[in-house]
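Residue numbers (my numbering): 5 to 539. C-beta atoms are modelled at their ideal positions from N, C-alpha and C, and glycine is treated no differently. A short write-up of the structure that comes next.
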Amino acid sequence: MESLKNFVRYSWYSSPKVRTNIINDLIESFKTNQVDDLPDPALKILAHTIGQLVPLYTTTKSRILLSTLLDEVIRKYKERILKLIINAFDVQSRAICKIHPHRNARFQADYGIIYMSRIVVASNGITIEEETDKLILLIFSRFISTLLANSSNSLGLKLVDKRLNSLFKQVPTLTEHWVILLKSISEHDLAHLGLISSLLYRFKTKEPTLYEQVKTIGIDSYSKLILGTRTKPYETALKPCNEILSSIDIETFKTKVYPVLNRSLLRNPEIIIEAVPSLLSNLQFDLSYTANELAKLLAAPLISKTESLEISALASFRALVRQISNGETTISIVQYLFNILNGTESSVNKLSVISQRENVLSAIGTLSRSPSTNISQDDILKLFEKYFYPMIQQEVHEGLICHMLQQMSSWCSRLTSSNQTLTDFFKKGLEQKTSTSITRAAYLQCMLVTYKEDSLTTLIPLHSTLMASYERGLNQSTLINCVHEALLAALIMINIAQMNSSYDSKLTTLWASLNDSKRQIFTTDKFQREINQAG
């Protein structure tokens, strides 16, 4: 009994050496039956103390000692202490699975899995009540979910699979037993999704029958707990679901997942919007058939004036566009977003603040990254003529003009040729009296993306306009924005000269200033510092 008292008294804060001696004494007393048959209150204290030490013991040696102690305690007291220890781990796992992701949580969760594996192996053959059995499964699920949430997806799954492989080798019947348990649970916990993902990862190539059974449980649970919930899932609940999402096929998505997603985005987007990017990005099939509907569902949170909603909605657009292979669908969504921007879309309220317009513009730019191969050059140039040109030319807000040109640049990157209308648009923008150095720099950046190789020669008629931008930087070298404008103009002119040797004769002033040690405007500390900070 004295060794138990010492364990309870000193195991919390003693030095590693003293702690080791105390735990070894207690283990030895159990092995040699020096400890009398402890009463239930003493067993409760012992189990509670072990549970409290789980997050405190951070060294490998201490954790191995604690694992050995667990083996001996369960071997000696079997059913009498098993439920008490499980309850102690229940408290610890409940606390860890909802905390913000951090490195220590990952290590604690990993050792939690190791501890629980030792408990399961030690209790093999002991009669366990069904509720305790389900609680053991839930505790495993919490630790696994925490580990997956705090690791890169592949590394986390590989580590969990390694732990489960070791456990299932020692208790071969456990695999099917857990699947049966999962089926029998009427109300799954969010944490179960992490365990389900890990089992799917394990069964994918080894157990096709079990894979299908667990997949059904996983998709149904995800649809209910993540997409159909009325309370926002805790932060670490989403990442462990990736393997479940990858298992969804198009028919299951149409019949089970999309109806719930549609309903929730209409009723309470603020609750589930954070889950949408990971859902869309993990799907393994083309979403062209329903992308227009999804875009309309995402439009409301995109312009909600709530920053967290807007960020998640934009991330959802980024994920959605990667799943659209049909060019007509992509262009259709762009047109829909422009109608919102112009206030002609009746289903959406008119935009009243700049951030709303910026979000819609960002979504338009994001759609340029569609993997669609059937978006023609004419389609893009028509978008420019119908939407981008008039919108940019009518805008008076400097920041919005730059943002519009930035999104236009994304679409320009898909062009392999240009037309005179596009060149005239750039010329007009650069020469406009209301243009500032910042907006002219945005035009020039867009031009750098647009004109490649042979098409660069179409800019030769803009030489005087480009030289004006360059000379502005030379004459106002203390103004960073002017120097930035000059740098971009110089790059364009040099690119033209590389494609047309006769153009080089027009660059006498440019070459002279670049070689003049007294006029090195691009290498000043101030300019380098400002440009680096701006990215």
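Of the candidates D193, L434 and R122, the residue whose Cα lies closest to the Cα of Q174 is R122.
Taking every protein chain shown into account, the CB of V400 has fewer than 16 other CB atoms within 10 angstroms, so this residue is exposed.
For S127, the secondary structure class from DSSP, reduced to helix, strand or coil, is coil. The closest CA to that of K9, considering only Y17, I26, S19 and P20, is found on I26.
Contact annotation: I223 and I252 have beta-carbon atoms nearer than 8 Å. A distance below 7 Å between beta-carbons, with the five flanking residues on each side excluded, links R206 to the following residues of its chain, in chain order: D165 and L168.
Residue burial is scored here from C-beta neighbours: D114 has at least 16 other C-beta atoms within 10 angstroms and is therefore classed as buried. Looking at T334, L229 and D428, the one whose alpha-carbon comes closest to that of L387 is T334. When the five nearest sequence neighbours on each side are left out, the beta carbons in the same chain lying within less than 6 Å of the beta carbon of S7 are those of D29, L30 and S33, in order along the chain. P263 has its alpha-carbon roughly 8 Å from the corresponding atom of F257. Note on M451: 16 or more other CB atoms within 10 angstroms of its CB, so buried under the neighbour-count rule.
By the CB criterion at 8 Å, K243 and L152 fall inside the cutoff.
Distances from the CA of R13 to each of A516, P237 and H52 were compared; the closest alpha carbon is that of H52. Ranked by Cα distance from E274, the first of S374, A304, T294 and L365 is A304.
One alpha carbon belongs to T527, the other to I484, and they sit about 12 Å apart. For the pair I230 and L291, the CB atoms are not nearer than the 8 Å cut-off.
The residue from I68, P45, T36 and I49 with its alpha-carbon nearest to that of R23 is I68. Look at T461 here: in three-state DSSP terms it is helix. For G347, no alpha helix (DSSP H) segment is defined, and its DSSP state is neither H nor E.
Per DSSP, the unbroken alpha helix (DSSP H) holding N519 starts and ends at T512 to N519. Non-local beta-carbon contacts of L460 in its own chain, meaning distances under 7 Å to residues more than five positions away in sequence, involve N499, I500 and M503 in chain order. L42 and K35 have their alpha carbons spaced roughly 14 Å apart. Look at K354 here: in three-state DSSP terms it is coil, with no helix or strand label.
Counting every other CB atom within 10 Å of its CB across the protein chains shown gives Y293 a total below 16, marking it as exposed. Within 10 angstroms of the beta-carbon of A99 lie fewer than 16 other beta-carbons, which makes it exposed. Check the Cα spacing between S149 and each of N37, S202, V125 and E216: the tightest is with S202. Relative to I396, the option among M412, L385, Q381 and D383 whose CA is nearest is M412.
According to the DSSP assignment, T220 belongs to the alpha helix (DSSP H) that extends over P212 to Y226. Here DSSP, grouped into helix, strand and coil, assigns E399 to coil. Spatial neighbours of K309 in its own chain (CB-CB distance under 8 Å, excluding positions within 5 residues in sequence) are listed in chain order as V357, S359 and Q360. Assignment of A153 by DSSP, reduced to helix, strand and coil, places it in the helix class. One Cα belongs to K431, the other to T469, and the distance between them is close to 7 Å.
Contact between S372 and S417 holds: CB atoms are separated by about 7 Å, below the 8 Å threshold. Classified as buried, N246 has 16 or more neighbouring CB atoms from the shown chains inside 10 Å of its CB.
Every alpha helix (DSSP H) of 4 residues or more that sits fully in the segment 235-283 is shown, in chain order, as 246-250, 262-271 and 273-276. About 6 Å separates the beta carbons of I54 and A92, which is inside the 8 Å limit, making them a contact pair.
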